[in-house]
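So the sequence shown is residues 1 to 67, counted in full-length UniProt numbering.
Backbone N, C-alpha and C define an ideal beta-carbon position, used for all residues, glycine too.
Because the structure is a prediction, the values reported are computed rather than measured.
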Amino acid sequence: MKMGEINMILYIHIPFCENKCGYCAFNSYENKHGLKEEYTQALCLDLKHALSQTDEPIESIFIGGGT
C-alpha cells in the first residue's frame with residue numbers, strides 16, 4: 001500500500017440468533033417477527049447506495065453477529 005491510498009474494509013453485522021443466550025453481551029436479538037429478513041433487505045439497499053458513492057475496491061469483508 002502506498003502513502004495516501006485507502007484500504008476499504010467492510011464489516012457487516014447480522015444481529016440475529018435462533019435463541020438469545022442469557023450471558024451474551026453482544027448486540028443480538030432472537031429472530032422474532034421475521035425481522036432478520038427485513039433487516040437483510042434494508043442492509044442490501046444501504047450497501048448498494050454506500051458502494052455506489054466510491055470507486056475504491058473493498059479489500060476485506062467481515063461478517064459477524066448472532067450465532
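Check: Out of curiosity, what's the CA-to-CA distance linking Lys36 and Asn19?; Outcome: 13 angstroms
Check: My output table needs one value for Gly64: the three-state DSSP class, helix, strand or coil.; Outcome: strand
Check: What are the start and end residues of the alpha helix (DSSP H) that includes His49?; Outcome: Leu35 to Leu51
Check: In angstroms with no decimal places, state the Cα-to-Cα distance between His49 and Met8.; Outcome: 15 angstroms
Check: Looking only at its chain, what residues have a beta carbon closer than 8 angstroms to the beta carbon of Glu56, apart from the 5 residues adjacent to it on each side?; Outcome: Ile6 and Met8
Check: According to DSSP, what are the bridge partners of Glu30?; Outcome: Cys17
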